[in-house]
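What follows is one structure encoded as structure tokens, with my remarks underneath.
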Amino acid sequence: MASSIASALSAAIPAAEKSLGVLRATPYQELRRLPTQSIAELAHCGRRVTLTTYVEVFAQHGDEVQVVIQLVAHGWLGINRVWAQGFRATHRGVRRRLRKAELRGYT
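In our numbering, the protein residues as written are 618 to 724.
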């Protein structure tokens, strides 16, 4: 069972990376207008996979926008596999990938 969950997660990663690429190319002002959370349900390898996009504006950090894409491949009895990637964007157009420590709450 665990391998089918891992397979479902692996199969969904290209869709998540594509979404992340689109968001990285999105202008700062548009990122600020995105909803704080959006959810899409995917099906891969016979498993339910949830793709969640989180957007947060950090006023204390010069209004940086943090975007995280999270995948959760759902298994039985709460056995899940999680993948997450993200970035921060500034109003000056600077974008940087989030570090592992910054993604801890999403994985």
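Using N, Cα and C, we set each Cβ at its ideal position, and we do this for glycine too.
- In this structure, Leu648 sits away from Val689, with a CB-CB distance that is not shorter than 8 Å.
- With a cut-off of 8 Å on Cβ pairs, the segment 656 to 664 is not in contact with the segment 700 to 712, counting fewer than three such pairs.
- If only uninterrupted beta strand (DSSP E) runs of at least 3 residues are considered, those enclosed by the segment 663 to 721 are 664 to 675, 681 to 691, 697 to 706, 712 to 714.
- For Ala657, the secondary structure class from DSSP, reduced to helix, strand or coil, is strand.
- According to the DSSP assignment, Leu648 belongs to the alpha helix (DSSP H) that extends over 645 to 650.
- Minimum Cα-Cα distance from Ala642 among the listed residues Ile696, Val711, Ile630, His678 corresponds to Val711.
- If the five residues before and after Thr707 are omitted, its C-beta is found closer than 6 Å to the C-beta atoms of Glu681, all from its own chain and listed in chain order.
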